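Residue numbers (full-length UniProt numbering), protein chains in the order written: chain F, 1 to 222; chain D, 1 to 222. Below is one structure; the comments refer to it alone.
Protein chains: 2
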Amino acid sequence: MRIALLGGTGDIGEGLALRWAYDSDHEVLIGSRDPARARTKAEEYETELDSRGREVTVKGFVNEMAADRADVIVLAVPPYHVADTVESVADKLDDEDVLVTPATGMKRDEDGFHYHRPSAGSVTALAVEAAPDDVPVVGAFHNLPAGRLADLDAELGIDTLLVGDDEDAKETVRLLAEEIEGLRVLDAGGIANAPEIEGVTPLLINVASNNDDLHDLGIRFT
Amino acid sequence: MRIALLGGTGDIGEGLALRWAYDSDHEVLIGSRDPARARTKAEEYETELDSRGREVTVKGFVNEMAADRADVIVLAVPPYHVADTVESVADKLDDEDVLVTPATGMKRDEDGFHYHRPSAGSVTALAVEAAPDDVPVVGAFHNLPAGRLADLDAELGIDTLLVGDDEDAKETVRLLAEEIEGLRVLDAGGIANAPEIEGVTPLLINVASNNDDLHDLGIRFT
């Protein structure tokens, strides 16, 4: 399968790209608005993987081209770029594709980070609104610690939650996510259940910043 | 120390009462609007503890009297009774007492459970608003699985998060919470950070209801 990571030059995109390229046999494409930057980062990922004895090809493209070539397209962009990123690649998508959205909205004040819920109900729902009607959207990877994800020496031992209203698309993402070693994949229901998942991300930051011995936290349901 | 569990006849109150009575030497008082019910449940808890070789006294009182006698008062009541419960015991409280609030607001629809955020910002903030100005409030025990908590055979192995703006009160609650075996206590900052904690409770229910092998879930930050 071909997985495009739009915004794959950012921290969560880097982590997912490295993990899938290392742990699975899927082809990973790095997308960016700037194709030169996408190619540079793709080469960096190849070098990192090669240094660990994993000789794989990671290619970089402008977002549209990455989306066009892929079966699963991950919107690894900041929340305020989710809608415009979907729109920029919309005519490259069809009902065989699956869009995946890991973004969450946050704002910071003197107390800490807080969930900033968009009027659509969630950032995940925002992606659904922006997507063509026939293209299924799955929310996943919202609460992953980006630094640990991108460090292939770091063990994960954490959970990720899936939400989506298209069961086939959700199953596709579940299988892909399960190929990442140390990641347990749990179903959290439909898109309407995304806000409570997205709200965990600021909580993870608040917990890390208030406890000296904790950082780059993930979550485990137990 | 004396701990009053107002609404201590309900499920979260029962769990905290049994755990503290079993794991610590603190005196546990059960409060209810109905003193006869408080006494009946207190006797049930004593019997349960006695059957496990723990001979302790658990007394039941009307909420006001339980609050009057205690140093730490836990509002183990539904979210819509938090404010009136605080008001009903307000003249029994002073600045040496600590109020603890574990309640969270939820509503259910066809997709699952959702966080129902009160206009105060959180149920925890609602307790702060209702409390006399000189009585500190700490949010804690929001995301505990009630069934497992009340089953002394069940291992916890989960976290609870504290929020509060009074560091001394928070420390008091931290020490008490740490006496419950298998419960790790983490600081999540000030009262303003409560909504993201309260939102985890409906998420735990959604995850349990969408994954066959999971139920009565708690959370672990890792």
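Where a beta carbon is used, it is the ideal one built from N, C-alpha and C, also for glycine. Since we're looking at a predicted model, the values are computed, not measured.
- Annotation for D/Asp165: Gly190 and Ile191 place their beta carbon closer than 7 angstroms to its own, counting only its chain and skipping 5 residues before and after.
- Taking the Cβ atoms as the reference, F/Ala188 lies roughly 6 angstroms from F/Leu162, within the contact range of under 8 angstroms.
- In this structure, DSSP gives F/Glu27 an extended state, which the three-state scheme calls strand.
- Of all residues in the segment 129-158 of chain D, only Gly157 and Ile158 come within less than 9 angstroms of chain F when Cβ atoms are compared, listed by chain position.
- Residues of the segment 112-127 of chain D with a C-beta less than 9 angstroms from any C-beta of chain F: Gly112, Phe113, His114 and Tyr115, listed in chain order.
- The criterion of a C-beta distance shorter than 7 angstroms is satisfied by D/Asp23 and D/Glu179.
- For D/Leu176, the closest alpha carbon among the candidates D/Ala140, D/Arg220, D/Asn211 and D/Ala131 is that of D/Ala140.
- Under DSSP, the beta-bridge partners assigned to F/Arg220 are D/Arg220.
- DSSP assignment within the segment 136-180 of chain F yields the following whole beta strand (DSSP E) runs of 3 residues or more, N-terminal first: 137-139 and 158-164.
- The beta carbons of D/Leu183 and D/Ile158 sit about 7 angstroms from each other, so the pair counts as a contact at 8 angstroms.
- Counting C-beta pairs closer than 8 angstroms gives three or more between the segment 124-131 of chain F and the segment 93-110 of chain F, which meets the contact rule.
- Rounded to whole angstroms, the Cβ separation of F/Lys41 and F/Gly7 is 10 angstroms, and the two are not in contact under 8 angstroms.
- Close CB contacts of D/His116 within its chain, under the 6 angstroms cut and outside five residues either way in sequence, are with Gly105, Met106 and Lys107 (chain order).
- Assigned with DSSP and collapsed to three states, D/Ser119 falls in coil, not helix or strand.
- In the DSSP assignment, D/Leu93 falls outside any beta strand (DSSP E) and carries neither an H nor an E.
- According to DSSP, residue pairing for F/Arg184 in a beta bridge involves F/Asp159.
- Measuring C-alpha to C-alpha distances from F/Ile73 to each of F/Ile197, F/Val135 and F/Thr160 identifies F/Val135 as the nearest.
- The DSSP-derived three-state label of D/Ala194 is helix.
- Interface criterion met: the Cβ of D/Leu217 is under 7 angstroms from a Cβ in chain F.
- Residue-level contact by beta carbon holds for D/Thr222 and chain F, with a gap shorter than 7 angstroms.
- For F/Ile197, the residues of chain D that pass the 7 angstroms Cβ criterion are Leu203, in the order they occur in the chain.
- For F/Leu75, the three-state secondary structure derived from DSSP is strand.
- Per DSSP, the unbroken beta strand (DSSP E) holding D/Arg108 starts and ends at Met106 to Arg108.
- The Cβ of F/Ala192 sits closer than 7 angstroms to at least one Cβ of chain D.
- Judged by DSSP secondary structure, D/Leu49 falls within the alpha helix (DSSP H) whose first and last residues are Pro35 to Asp50.
- Ranked by Cα distance from F/Asp84, the first of F/Gly53, F/His114, F/Ser119 and F/Ala131 is F/Ala131.
- Counting only Cβ-Cβ distances below 7 angstroms, D/Asp187 has contacts in chain F at Asn210 and Asn211, in chain order.
- About 17 angstroms separates the CB atoms of F/Ala70 and F/Leu18; that is not less than 8 angstroms, and the two are not in contact.
- For F/Asn63, no Cβ of chain D is located within less than 7 angstroms of the residue's own Cβ.
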